[in-house]
Amino acid sequence: MRPFTYLRAPDVATAVRAISAEPGAKFIGGGTNLVDLLREDIEQPGTVIDITGLPLTGVEELPDGGIRIGALVRNSHLAAHRLVTTRYPMLSQAILSGASPQLRNMATTGGNLLQRTRCLYFYDGAAACNKREPGSGCDAIGGFNRQHGVLGVSDDCLATHPSDMCVALAALDATVETRSEHGVRRIPLVDLHRLPGTTPHRETVLAADELITAIELPPPPSGAVSRYRKVRDRASYAFALVSVAAVLKVRDGSVSTVRLALGGVAPKPWRAYAAERALLAAPATEESFTRAAEAELTAATARPGNAFKIELARRTIVATLRDLLAEGSAA
Amino acid sequence: MAIGKAISRVEAGDKVTGAARYTEDVRVAETAHAVLLGSAISAGRVRGIDTRRAERAPGVLAVITHLNRPDFAAVPPTPYTAEGRMPLVDDRIHYAGQYIAVVVAETREQAEHAATLVVVDYHRTSPVPTLDAALSQAYIPRENGLARVPSEYRRGNAEAALAAAPVRVEEEYRTAALSHAPIEPSSTLAYWEGDRLTIYDSTQSVHMHRPLVAIAFGVPEDRVRMYCSLVGGGFGNKSYSWPHVFLAPMAARVVRRPVRVTISRKQVFTGTGHMAATVQTVRLGADQDGRLRALIHDSVNQTSFIDDRQETASAITPYVYAVPDLYARIRVTKVNTGTGGAMRTPGDSAGAFALESALDELAHRLGMDPLELRRRNHADVDPVSGRPWSGKQLLACYDQAAERFGWDRRNPEPGSARDGDDLIGYGMAGGQRTEHQRPAQATVDLTDDGTAVIRSSMVEIGGGGLTTLSQIAADGLGLPTAAVTFQHGDSALPAAAPTFGSMTSGSTGSAVKLAAADALRAAIDLAVGDRRSPLHGADPDDVVAHEGGLRLRDRPGDGESYRALLRRNRINTLRGDGDFQPEGEDAEHAMATFGVHFTEVRINRYLPRVRVVRHVAAFSIGRVLNAKTARNQAQGGIIMRLGAALMENQRPDPVSGRFISPALTDYHVPVNADIGEIDVIFVEEPDTNANPLGARGLGEICAVGICASVANAVHHATGKRVRSLPITPDKLL
Numbered sequence: 003m004r005p006f007t008y009l010r011a012p013d014v015a016t017a018v019r020a021i022s023a024e025p026g027a028k029f030i031g032g033g034t035n036l037v038d039l040l041r042e043d044i045e046q047p048g049t050v051i052d053i054t055g056l057p058l059t060g061v062e063e064l065p066d067g068g069i070r071i072g073a074l075v076r077n078s079h080l081a082a083h084r085l086v087t088t089r090y091p092m093l094s095q096a097i098l099s100g101a102s103p104q105l106r107n108m109a110t111t112g113g114n115l116l117q118r119t120r121c122l123y124f125y126d127g128a129a130a131c132n133k134r135e136p137g138s139g140c141d142a143i144g145g146f147n148r149q150h151g152v153l154g155v156s157d158d159c160l161a162t163h164p165s166d167m168c169v170a171l172a173a174l175d176a177t178v179e180t181r182s183e184h185g186v187r188r189i190p191l192v193d194l195h196r197l198p199g200t201t202p203h204r205e206t207v208l209a210a211d212e213l214i215t216a217i218e219l220p221p222p223p224s225g226a227v228s229r230y231r232k233v234r235d236r237a238s239y240a241f242a243l244v245s246v247a248a249v250l251k252v253r254d255g256s257v258s259t260v261r262l263a264l265g266g267v268a269p270k271p272w273r274a275y276a277a278e279r280a281l282l283a284a285p286a287t288e289e290s291f292t293r294a295a296e297a298e299l300t301a302a303t304a305r306p307g308n309a310f311k312i313e314l315a316r317r318t319i320v321a322t323l324r325d326l327l328a329e330g331s332a333a
Numbered sequence: 006m007a008i009g010k011a012i013s014r015v016e017a018g019d020k021v022t023g024a025a026r027y028t029e030d031v032r033v034a035e036t037a038h039a040v041l042l043g044s045a046i047s048a049g050r051v052r053g054i055d056t057r058r059a060e061r062a063p064g065v066l067a068v069i070t071h072l073n074r075p076d077f078a079a080v081p082p083t084p085y086t087a088e089g090r091m092p093l094v095d096d097r098i099h100y101a102g103q104y105i106a107v108v109v110a111e112t113r114e115q116a117e118h119a120a121t122l123v124v125v126d127y128h129r130t131s132p133v134p135t136l137d138a139a140l141s142q143a144y145i146p147r148e149n150g151l152a153r154v155p156s157e158y159r160r161g162n163a164e165a166a167l168a169a170a171p172v173r174v175e176e177e178y179r180t181a182a183l184s185h186a187p188i189e190p191s192s193t194l195a196y197w198e199g200d201r202l203t204i205y206d207s208t209q210s211v212h213m214h215r216p217l218v219a220i221a222f223g224v225p226e227d228r229v230r231m232y233c234s235l236v237g238g239g240f241g242n243k244s245y246s247w248p249h250v251f252l253a254p255m256a257a258r259v260v261r262r263p264v265r266v267t268i269s270r271k272q273v274f275t276g277t278g279h280m281a282a283t284v285q286t287v288r289l290g291a292d293q294d295g296r297l298r299a300l301i302h303d304s305v306n307q308t309s310f311i312d313d314r315q316e317t318a319s320a321i322t323p324y325v326y327a328v329p330d331l332y333a334r335i336r337v338t339k340v341n342t343g344t345g346g347a348m349r350t351p352g353d354s355a356g357a358f359a360l361e362s363a364l365d366e367l368a369h370r371l372g373m374d375p376l377e378l379r380r381r382n383h384a385d386v387d388p389v390s391g392r393p394w395s396g397k398q399l400l401a402c403y404d405q406a407a408e409r410f411g412w413d414r415r416n417p418e419p420g421s422a423r424d425g426d427d428l429i430g431y432g433m434a435g436g437q438r439t440e441h442q443r444p445a446q447a448t449v450d451l452t453d454d455g456t457a458v459i460r461s462s463m464v465e466i467g468g469g470g471l472t473t474l475s476q477i478a479a480d481g482l483g484l485p486t487a488a489v490t491f492q493h494g495d496s497a498l499p500a501a502a503p504t505f506g507s508m509t510s511g512s513t514g515s516a517v518k519l520a521a522a523d524a525l526r527a528a529i530d531l532a533v534g535d536r537r538s539p540l541h542g543a544d545p546d547d548v549v550a551h552e553g554g555l556r557l558r559d560r561p562g563d564g565e566s567y568r569a570l571l572r573r574n575r576i577n578t579l580r581g582d583g584d585f586q587p588e589g590e591d592a593e594h595a596m597a598t599f600g601v602h603f604t605e606v607r608i609n610r611y612l613p614r615v616r617v618v619r620h621v622a623a624f625s626i627g628r629v630l631n632a633k634t635a636r637n638q639a640q641g642g643i644i645m646r647l648g649a650a651l652m653e654n655q656r657p658d659p660v661s662g663r664f665i666s667p668a669l670t671d672y673h674v675p676v677n678a679d680i681g682e683i684d685v686i687f688v689e690e691p692d693t694n695a696n697p698l699g700a701r702g703l704g705e706i707c708a709v710g711i712c713a714s715v716a717n718a719v720h721h722a723t724g725k726r727v728r729s730l731p732i733t734p735d736k737l738l
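Now the structure itself:
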């Protein structure tokens with residue numbers, strides 16, 4: 003780890019001012035990702051601005067029935083919050099399927115949005131990585147790419163976004179609120195992360211001086227059932243091979259509401275719009291679910307190591323919708 | 006009797022409260038900290054290394070490279086020197102992570118920072134990255150210190166017998182490279198006082214490793230004192246002296262201060278060995294009634310460009326079943342990787358996956374119960390030497406474990422058992438491990454406060470040896486276990502057998518038993534010769550130990566406590582010596598440990614991750630010294646191999662050869678949620694043919710056969726035969 007200057011921001015205005023004044027500075031919240039990256043010498047900020055003292059730790063009910071989550075709400079707190087467990091159980095499931103209790107106790111909501119990929123080549127300082135060192139190449143492409151993405155990836159980067167929470171947020175139509183010296187901005191979560199294209203080091207649409215302050219969720223669709231399902235190599239403490247966040251409502255045998263997002267397969271939390279289009283108003287049957295999954299996955303591109311993810315994603319989508327259909331019928 | 010009792014570990018309280026002192030916890034004044042810089046490439050040379058910025062960084066005391074290092078006096082012998090090339094001897098790079106510089110600073114953080122400032126100019130050559138890339142170059146290693154067992158074994162004419170056999174199975178099986186992944190990264194703290202070297206090292210044997218350090222630095226062995234009381238997970242990777250062990254004393258000489266090297270978590274994966282990946286072929290020929298006629302087991306493992314180290318996968322094969330015609334071979338092939346090391350259970354775990362999977366395939370082809378197939382080929386005597394076994398209760402293990410598991414409920418048809426969306430599979434496999442013994446010494450001191458002190462250099466690596474050996478001494482002297490303390494982990498003490506190779510129970514345990522008997526004999530001699538003793542004049546053979554003292558066997562009322570006896574005679578301690586010498590090659594009996602595993606898996610038919618929900622194992626290990634530590638150790642060994650079966654894979658990048666998952670986040674081992682119910686049975690029969698104590702080792706046999714048992718259950722559940730470990734979900738789609 004290299005030496006850096008440590009600042010502690012007492013309020014949002016000071017935090018925003020400090021980061022504007024220090025190019026290359028980083029905010030630190032729970033530190034569960036940044037400290038790791040500092041120790042691996044992947045992140046080398048000259049200044050680290052501690053924002054854990056900012057008053058962004060509340061979960062509030064909004065007048066429209068939605069909720070507002072402060073950027074510094076810890077993952078474990080959010081997963082256990084009554085407003086979340088009652089209105090957005092899928093979000094709670096997603097958070098609890100990620101990391102470990104110790105990490106969730108530290109990790110913040112805002113930090114979770116910005117966690118960086120667990121691509122093994124990104125973490126291997128001796129490997130070529132366009133994300134770590136723009137223009138150096140991508141060793142994952144000719145290498146071991148079993149963990150890598152099949153949707154939205156490019157010839158310059160195959161990395162996946164590692165978050166579980168974000169996949170649920172994508173399906174829940176979350177909005178991200180930020181502050182900078184230029185004011186307040188609201189960004190739909192599905193637009194927060196960029197696809198890699200030829201610039202995989204640019205991971206979000208945030209400006210360098212922008213601070214995430216909150217996430218807002220609209221009220222959940224009434225009468226719908228939802229679920230987060232994660233498939234991984236072991237029972238706990240593993241990143242997703244494939245995950246699915248699904249919201250489903252069936253009326254008279256047809257799909258009246260559906261929202262679907264995928265994790266583990268793309269550089270960002272992947273809202274499966276093509277699948278949603280295929281499902282809306284379609285009969286709620288296994289055949290429709292399969293057709294919808296295939297509609298989404300026709301765009302998938304595989305490398306030798308991760309071709310299985312396409313089939314696994316298809317099965318996970320269908321299995322999750324099948325379970326929701328059964329749950330919705332029982333209710 | 007204390008032996009056999011299910012008591013908790015004597016050091017458990019210290020471990021739970023943090024009072025237990027591991028090597029990294031040792032504090033010595035003025036200690037400097039060294040960080041080891043590893044090579045970023047896996048093949049080539051260091052063309053230039055610029056250390057100037059690092060040397061100027063805050064707190065830095067020295068940066069040592071191949072250009073400015075002091076010389077080693079000699080290369081100590083293999084196999085316990087892990088690598089045949091001493092660190093920093095030249096500019097050549099054989100594997101990624103190989104140490105190319107030592108940065109010594111006042112604090113570890115300063116050393117880590119300075120290490121980022123070292124600029125290396127590499128001359129890259131094309132690496133051999135993987136076992137697959139090197140497979141065609143496999144060869145039989147020449148006999149040296151590292152080729153531990155003969156590379157070929159032949160009886161009869163296996164090829165001809167195979168050709169003539171009516172039923173055959175011929176398949177290739179693959180095991181992945183595995184990391185020991187101990188929680189404790191290896192640590193060495195060294196300081197010199199003139200030519201006297203004190204070294205605290207996370208080692209599984211102070212007495213095996215002390216001479217290696219002495220030779221490397223050209224000092225007499227008695228000038229080196231090595232300590233290690235507790236190891237936080239070894240599994241074999243601390244049974245060798247890896248390069249960092251030699252770099253700590255070297256750095257201490259350079260900076261003239263105590264120096265600590267604790268390798269990083271990443272370096273645990275590259276700097277202290279691994280179980281090498283193997284590609285094995287098994288060819289079985291059998292009669293229609295399941296009697297094996299021929300067995301050919303061929304294994305190739307990756308080794309480094311520095312050493313020829315076998316993963317002895319087919320070494321056990323000649324000993325396991327009564328097969329008349331058999332050929333086994335072990336070859337190695339050079340890959341740009343570090344040298345592998347012994348990992349629980351060397352050779353046998355990987356080999357059993359192939360052999361016991363092939364037997365399951367044969368049973369399936371014959372339409373025969375896989376357990377019955379093994380019964381029909383039971384080796385009543387050692388098939389290699391023809392000698393009787395010192396003790397073998399394998400058939401009883403089969404019976405008891407099969408009954409406990411409910412094997413008779415198994416419908417042999419694959420895919421026949423379901424529960425909702427879960428496919429259910431039952432599988433089984435056997436295991437065998439040759440029992441090794443080493444000379445071991447211990448003393449037991451009987452003290453005038455009525456307690457006893459064991460002195461032996463044994464290192465506690467978590468298996469429970471401190472507890473079981475205390476129980477042995479307690480029984481020998483008629484004391485409660487709580488009255489026995491243990492001085493251990495210090496090369497100034499009598500030499501224990503190393504704490505690897507399953508040798509603690511049989512070898513060091515026997516030494517403690519002999520020492521306790523010797524101390525008892527001294528106490529008896531003292532009492533019967535002492536006119537003031539109620540036992541005066543008694544026949545020594547009629548005197549026995551009982552409840553903290555001595556008494557007559559036939560007249561329990563006549564006796565006295567050790568405390569009274571020693572105090573009256575003004576003796577502080579009575580020392581008993583124990584020197585266990587194994588019989589070696591001339592032994593009348595062949596010695597091995599045996600086991601059998603039964604596994605139930607459940608696999609969601611849509612999302613096929615294998616869950617091991619139930620596992621029953623039975624072992625034949627002679628006498629069980631402590632029912633609790635034994636069960637605990639066996640469960641640990643089983644869990645370790647469930648990891649190899651389902652998730653562990655220390656995978657090299659297919660281009661560069663670098664291990665690309667050197668972190669516990671990415672190198673998966675089982676977590677609590679992965680562990681189902683694990684039931685362990687010991688079919689006990691004290692084996693005094695093996696040693697005076699009657700106990701054989703458990704630490705390794707418990708980890709042989711699990712992978713095949715899981716793979717066989719997966720086949721039963723799904724009809725899919727997975728011959729390449731680990732069995733991850735993608736292989737079952």
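In order, the protein sequence lines correspond to chains C and W. Take the first sequence: its position 318, counting from 1, is numbered 320 in the working numbering, and each next residue is one higher. Take the second sequence: its position 393, counting from 1, is numbered 398 in the working numbering, and each next residue is one higher. Heads up, the beta-carbon is just placed ideally off N, CA and C, and yes, glycines get one too.
{"Check": "So for Lys232 of chain C, helix, strand or coil by DSSP?", "Outcome": "strand"}
{"Check": "When the cut-off is 9 Å and only beta carbons count, does His673 of chain W lie next to chain C?", "Outcome": "yes"}
{"Check": "Please check if any C-beta of chain C sits within less than 9 Å of the C-beta of His118 of chain W.", "Outcome": "yes"}
{"Check": "Quick check: the region 295 to 308 of chain W against the region 324 to 331 of chain W, are at least 3 beta-carbon pairs closer than 8 Å?", "Outcome": "yes"}
{"Check": "May I ask you to report which of helix, strand or coil DSSP gives Pro254 of chain W?", "Outcome": "helix"}
{"Check": "With a threshold of 7 Å on Cβ separation, who are the neighbours of Met213 of chain W within its own chain once the five nearest residues in sequence on each side are excluded?", "Outcome": "Tyr85, Pro503"}
{"Check": "For chain C, find out if any of its Cβ atoms is closer than 9 Å to the Cβ of Arg726 of chain W; answer yes or no.", "Outcome": "no"}
{"Check": "Pro419 of chain W to Arg610 of chain W, Cα distance in whole Å?", "Outcome": "13 Å"}
{"Check": "Under 9 Å, do Arg229 of chain C and Val246 of chain C count as touching if we go by C-beta distance?", "Outcome": "yes"}
{"Check": "Whole angstroms is fine: what's the gap from Leu219 of chain C's alpha carbon to Asp353 of chain W's?", "Outcome": "56 Å"}
{"Check": "Taking the DSSP output, what are the residues bridged to Arg270 of chain W?", "Outcome": "Looking at the DSSP assignment, Arg270 of chain W forms no beta bridge with any residue, so it has no partner."}
{"Check": "Would you list, in chain order, the members of the region 271 to 298 of chain W that have their beta-carbon closer than 9 Å to a beta-carbon of chain C?", "Outcome": "Lys271"}
{"Check": "Please tell me whether Ala248 of chain C and Ile319 of chain C are closer than 9 Å, where the distance is taken between their beta carbons.", "Outcome": "yes"}
{"Check": "Thinking C-alpha only, which one of C:Thr206, C:Arg4, C:Arg317, C:Arg76 is nearest Ala119 of chain W?", "Outcome": "C:Arg4"}
{"Check": "When you compare the region 570 to 582 of chain W with the region 526 to 539 of chain W, are there three or more beta-carbon pairs, one atom per stretch, that lie closer than 8 Å?", "Outcome": "yes"}
{"Check": "Given that a residue counts as buried once 16 or more other Cβ atoms are within 10 Å of its Cβ, and exposed if not, what is Pro587 of chain W?", "Outcome": "buried"}
{"Check": "Please name the residue in W:Ala318, W:Leu647, W:Val124 whose C-alpha comes closest to that of Tyr178 of chain W.", "Outcome": "W:Ala318"}
{"Check": "Taking C-alpha atoms, which residue in W:His279, W:Thr277, W:Arg201, W:Leu376 lies nearest to Gly295 of chain W?", "Outcome": "W:Leu376"}
{"Check": "Near Arg443 of chain W, which residues of its chain fall below 6 Å by C-beta distance, leaving aside the five closest residues on each side in sequence?", "Outcome": "Ala502, Met508, Ser512"}
{"Check": "Would you say Leu738 of chain W reaches chain C, if we count a Cβ-Cβ gap shorter than 9 Å as a contact?", "Outcome": "yes"}
{"Check": "Answer with buried or exposed for Gln446 of chain W, where buried requires no fewer than 16 other C-beta atoms within 10 angstroms of its C-beta.", "Outcome": "buried"}
{"Check": "Using alpha carbons as the reference points, say which of W:His441, W:Asp450, W:Ala623, W:Glu690 lies closest to Ala592 of chain W.", "Outcome": "W:His441"}
{"Check": "Please list the partners that Asp450 of chain W has in chain C, where partner means a Cβ-to-Cβ separation under 9 Å.", "Outcome": "None at all; the shortest Cβ gap to chain C is about 45 Å."}
{"Check": "Kindly list, in the order they appear in chain C, the residues whose Cβ is closer than 9 Å to that of Leu612 of chain W.", "Outcome": "Arg231, Val233, Val244, Leu314, Arg317, Thr318, Ala321"}
{"Check": "Are the CB atoms of Leu540 of chain W and Leu557 of chain W within a distance shorter than 9 Å?", "Outcome": "yes"}
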